[in-house]
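Undergrad:
Residue numbers (the working numbering): 19 to 407.
1) Once the 5 residues before and after residue 391 are set aside, which same chain residues still bring their CB inside 8 angstroms of it?
2) Measure how close the beta-carbons of residue 192 and residue 238 come, nearest whole angstrom, since I'm counting them as under 8 angstroms.
3) With DSSP collapsed to three states, give me the class of residue 192.
4) Quick one: is residue 165 buried, meaning 16 or more other Cβ sit within 10 Å of its Cβ, or exposed?
5) Taking residue 340 as part of the alpha helix (DSSP H), name the residues at either end of that continuous run.
6) Which same chain residues, not among the five before or five after residue 53, have their C-beta less than 7 angstroms away from its C-beta?
7) Take every Cβ of the region 271–290, pair it with every Cβ of the region 109–116, and state whether three or more of those distances are shorter than 8 angstroms.
8) Taking only runs of the alpha helix (DSSP H) that begin and end inside the region 280–317, which ones reach a length of at least 4 residues, in chain order?
9) Could you pull out every residue in the same chain whose Cβ sits closer than 7 angstroms to the Cβ of residue 243, ignoring the five residues on either side in sequence?
10) With a cut-off of 8 angstroms, do at least 3 Cβ pairs link the region 337–357 to the region 294–311?
11) With burial defined as no fewer than 16 other Cβ atoms inside 10 Å of the residue's Cβ, what is the status of residue 271: buried or exposed?
12) Pull up the CB-CB distance for residue 344 and residue 407, whole angstroms please, since I reckon it's below 8 angstroms.
13) Do you know offhand how far residue 44's Cα is from residue 396's?
14) Is it buried or exposed for residue 72, if we count other Cβ within 10 angstroms and need 16 for buried?
15) Between residue 136 and residue 90, which are expected to be in contact by the criterion C-beta below 8 angstroms, what is the C-beta distance as a whole number of angstroms?
16) Please specify which runs of the alpha helix (DSSP H), each continuous and at least 4 residues long, are wholly inside the region 86–129, giving them in chain order.
17) Taking all protein chains shown into account, decide if residue 61 is buried (16 or more other Cβ within 10 angstroms of its Cβ) or exposed.
18) What is the DSSP secondary structure of residue 161, counted as helix, strand or coil?
19) With DSSP as the reference, label residue 387 as helix, strand or coil.
20) What is the DSSP secondary structure of residue 219, counted as helix, strand or coil?
21) Ignore the nearest five residues each way along the sequence and tell me which others in residue 153's own chain have a CB closer than 7 angstroms to its CB.
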């Protein structure tokens, strides 16, 4: 999938330097307007974050002593390699007793991980079987190229996603969206990351709130658009305009979403101690699934500019993901040293020595092979790694 993204990056770079028109235009705001808008949206996002934090604190405090652990599932991007993550969840759901899959308090997803996240959040047998079957059985019309002239700037993307949109909407139907609302009322939270092209940064959406909006309005279009935006490879797949803002793949801004931002005073652990001073400090477990390999597979690169740019993009994507995971480890060590909470990080990735039998994107054989590997890892609790990558 990364080689696919790399090729697209090369094509987009070349076409953008030669062509400057666009079929659809949006009203252009001034710099001062955008600066004010950035501050307004930042305040809005922080308010949403505080609301989610309150719900999680209350949920954690109300749990009995044996269940007072905050479990956070983090699902990375990876395109068709998301079959690996779907397989992990399928295998993990079969584990009983110690090492069994917990009911996650928070689930986050980016790109392919965003498509898996709603099913992981609901977590029932039929949900996990559904998402695994989706990734095991890609349809020919999931991606439909616009043709030889698809690169022209009058088009909003090189390809359309008629099949993927159809199957996503059928799988994440009103019944599942309603169940997401119900789980949100218990204090659980579901986040997916997108990239706000207008302001140039990450925009996480909290989907239990979006699901509630869908139920109230009777339209799930916005909910589905958020998922598709998170998985919208720039230029390759259509961008999504949501509430007047243009969004693309969340992996552009952050390929894993784990919430380790802000000051100590804004953190979950600090706020929990302040809100519940008589409660023991919380235990937090991060479960990180990388829908890719931790290391970029080595290869001989030719000196032509297309090869150089493509390989550079591939390395940049993987490197930023691992850097984020290392940051999470550093963050958790700092929190633990301060005595604010006990935090563990466990992670899985596709084996570094794995190679697809057949080159290509959304190849059924490849996706089934990855799902099988994921199932093997998920069914064995000892597979989870705790070392810093």
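C-beta atoms are modelled at their ideal positions from N, C-alpha and C, and glycine is treated no differently.
TA: Working from what's here:
1) 102, 105, 368, 369, 372
2) 6 angstroms
3) helix
4) exposed
5) 323–356
6) none
7) no
8) 286–293
9) 258, 260
10) yes
11) buried
12) 6 angstroms
13) 46 angstroms
14) exposed
15) Incorrect: roughly 16 angstroms between the Cβ atoms, too far for contact.
16) 100–110
17) exposed
18) coil
19) helix
20) strand
21) 100, 101, 104, 385, 389
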